[in-house]
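These protein sequences, in sequence, are chains A and B. Residues in the first sequence are numbered consecutively from 2, following the working numbering. Residues in the second sequence are numbered consecutively from 142, following the working numbering. So the structure is just underneath, and the comments pick up after that.
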Amino acid sequence: EAQVTQNPRYLITVTGKKLTVTCSQNMNHEYMSWYRQDPGLGLRQIYYSMNVEVTDKGDVPEGYKVSRKEKRNFPLILESPSPNQTSLYFCASSRLQQGIMFFGSGTQLSVL
Amino acid sequence: AQRVTQPEKLLSVFKGAPVELKCNYSYSGSPELFWYVQYSRQRLQLLLRHISRESIKGFTADLNKGETSFHLKKPFAQEEDSAMYYCALSNTGNQFYFGTGTSLTVIP
Numbered sequence: 002e003a004q005v006t007q008n009p010r011y012l013i014t015v016t017g018k019k020l021t022v023t024c025s026q027n028m029n030h031e032y033m034s035w036y037r038q039d040p041g042l043g044l045r046q047i048y049y050s051m052n053v054e055v056t057d058k059g060d061v062p063e064g065y066k067v068s069r070k071e072k073r074n075f076p077l078i079l080e081s082p083s084p085n086q087t088s089l090y091f092c093a094s095s096r097l098q099q100g101i102m103f104f105g106s107g108t109q110l111s112v113l
Numbered sequence: 142a143q144r145v146t147q148p149e150k151l152l153s154v155f156k157g158a159p160v161e162l163k164c165n166y167s168y169s170g171s172p173e174l175f176w177y178v179q180y181s182r183q184r185l186q187l188l189l190r191h192i193s194r195e196s197i198k199g200f201t202a203d204l205n206k207g208e209t210s211f212h213l214k215k216p217f218a219q220e221e222d223s224a225m226y227y228c229a230l231s232n233t234g235n236q237f238y239f240g241t242g243t244s245l246t247v248i249p
């Protein structure tokens, strides 16, 4: 089944403890991206990648890192999480410049 | 700067009534506009995009460059249309900007 898989679904952590949220797609998509969803703010793009080793900042990249070493994987890294990064995170993938994005099921992160 | 505005957080209509979900955008170039939908307990998914000029599940959306709008319309709402709807804009096909979403409830 074609899909985008995010792990974990839920994560509770403490301020400053490094964490990684994984994202994997099995559709051979070139484009992958990360979003955070906050009440009243909708989805905001954090980072995106157009292919292996090609990443760029979205609208709200501060406090986040990404890497794209393989086409199928696009992990989101929080080196030193803070409470304002408590949010619902979504990963998505699509063919390059097509705009038909396939979303993961989301990761609810709480930073205490 | 907010690029996509969805003025209604909540919208309720009766089954069989017309429905319009508003979306306005601000962008100086030629954007690509999309509507994404999230049904209960399902993932966010594409509903339609302006370049396709399709009708999906009875929904249509016309890009009005003069009014910078991309409103989503359906002449007769169905209960299964109840969902969260997001309007989205892409500038280069790589950066995406989403609105804050409109929760549509279709009353039986």
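A virtual CB, placed ideally from N, CA and C, is assigned to each residue, including glycine.
Can you tell me which residues form a DSSP beta bridge with residue i?
i         : result
Glu-173/B : Ser-231/B
Gly-43/A  : Asp-39/A
Asn-165/B : Thr-146/B and Ser-210/B
Phe-103/A : Ser-94/A
Met-225/B : Gln-179/B and Ser-244/B
Phe-239/B : Ala-229/B
Arg-190/B : Phe-175/B
Measuring alpha carbon to alpha carbon, tell me which residue in the options is nearest residue i.
i         : options                                       : result
Ala-280/B : Trp-176/B, Ser-210/B and Pro-159/B            : Nothing about residue 280/B can be read from this structure; chain B reaches only from 142 to 249.
Ile-221/B : Gly-242/B, Asp-203/B, Asn-205/B and Gln-183/B : Looking at the sequence provided, one finds Glu at residue 221/B rather than Ile. Checked all of Gly-242/B, Asp-203/B, Asn-205/B and Gln-183/B; the closest Cα to Glu-221/B is Gln-183/B.
Ser-106/A : Tyr-49/A, Gln-26/A, Thr-16/A and Val-55/A     : Gln-26/A
Thr-16/A  : Asn-85/A, Arg-37/A and Ser-95/A               : Asn-85/A
Ser-68/A  : Val-61/A, Asp-60/A, Glu-54/A and Lys-58/A     : Glu-54/A
Lys-214/B : Asn-232/B, Pro-172/B, Tyr-168/B and His-191/B : His-191/B
Thr-21/A  : Phe-75/A, Val-5/A and Gln-99/A                : Phe-75/A
Pro-9/A   : Tyr-32/A, Leu-97/A, Phe-91/A and Pro-62/A     : Phe-91/A
Gly-157/B : Gly-242/B, Ser-223/B and Tyr-238/B            : Ser-223/B
Gln-109/A : Ile-101/A, Ala-3/A and Thr-23/A               : Thr-23/A
Leu-97/A  : Tyr-32/A, Glu-2/A, Gly-41/A and Gly-59/A      : Tyr-32/A
Tyr-166/B : Ser-210/B, Thr-246/B and Val-247/B            : Ser-210/B
Ser-169/B : Val-160/B, Glu-195/B and Lys-206/B            : Lys-206/B
Leu-162/B : Ala-218/B, Asn-232/B and Ile-248/B            : Ala-218/B
Met-28/A  : Gln-46/A, Asn-52/A, Leu-44/A and Glu-2/A      : Glu-2/A
Pro-249/B : Lys-150/B, Leu-151/B, Glu-149/B and Phe-155/B : Phe-155/B
Check the Cβ of residue i against every Cβ in chain A and list those closer than 9 Å, keeping chain order.
i         : result
Tyr-227/B : Gly-43 and Leu-44
List, in chain order, every chain B residue whose beta-carbon is nearer than 7 Å to that of residue i.
i         : result
Met-183/A : There is no way to answer for residue 183/A, as the model of chain A reaches only from 2 to 113.
Ser-94/A  : None at all; the shortest Cβ gap to chain B is about 12 Å.
Ser-111/A : Here the premise fails: no neighbours, minimum Cβ distance about 21 Å.
Residue i touches chain B at which residues, Cβ-Cβ below 9 Å?
i        : result
Phe-91/A : Arg-184 and Leu-185
Ser-83/A : In chain order: nothing, as chain B lies at least about 23 Å away.
Ser-88/A : Simply none; closest approach about 14 Å.
Ser-25/A : Residues of chain B passing the Cβ test: none, with the nearest at roughly 15 Å.
Grab me the residues of residue i's own chain with a C-beta within less than 8 Å of its C-beta, minus the 5 sequence neighbours each way, in chain order.
i         : result
Gly-240/B : Val-145, Thr-146, Gln-147, Cys-164, Tyr-227, Cys-228 and Ala-229
Lys-19/A  : Ile-78, Leu-79, Glu-80, Ser-81 and Pro-82
Ile-101/A : Ser-95
Just the chain A side, please: which residues come within less than 7 Å of residue i by C-beta, in chain order?
i         : result
Phe-175/B : Gly-100
Starting from the beta carbon of residue i, find every residue of chain A whose beta carbon is closer than 8 Å, and list them in chain order.
i         : result
Arg-190/B : Gly-100 and Ile-101
Ser-231/B : Gly-100
Using the beta-carbon of each residue, which ones in chain B are nearer than 8 Å to residue i?
i         : result
Lys-106/A : The sequence as given places Ser at residue 106/A; Lys does not occur at that position. Within chain B, the residues near Ser-106/A are Arg-184.
Once you ignore the five residues that flank residue i on each side, which residues in its own chain have a CB closer than 7 Å to its CB?
i         : result
Asp-39/A  : Ser-88
Ile-197/B : Leu-188 and Leu-189
Lys-66/A  : Ile-78 and Glu-80
His-30/A  : Ser-94, Ser-95 and Arg-96
Take residue i and list the residues in its own chain whose beta-carbon comes closer than 6 Å to its own, dropping the five residues that flank it on each side.
i         : result
Gly-199/B : Lys-215
Ile-13/A  : Ser-111
Asp-203/B : none
Thr-6/A   : Ser-25
Along the segment 48-69 of chain A, where does the CB come closer than 8 Å to a CB of chain B? Name the residues. Within the segment 48-69 of chain A, the residues whose Cβ lies closer than 8 Å to some Cβ of chain B are Tyr-49, Met-51, Asp-57, Gly-59 and Asp-60, listed in chain order.
Positions along the segment 235-248 of chain B whose CB lies within less than 8 Å of some CB in chain A: Along the segment 235-248 of chain B, the positions whose C-beta sits under 8 Å from a C-beta of chain A are Asn-235, Gln-236, Phe-237, Tyr-238, Phe-239, Gly-240, Thr-241 and Gly-242, read in chain order.
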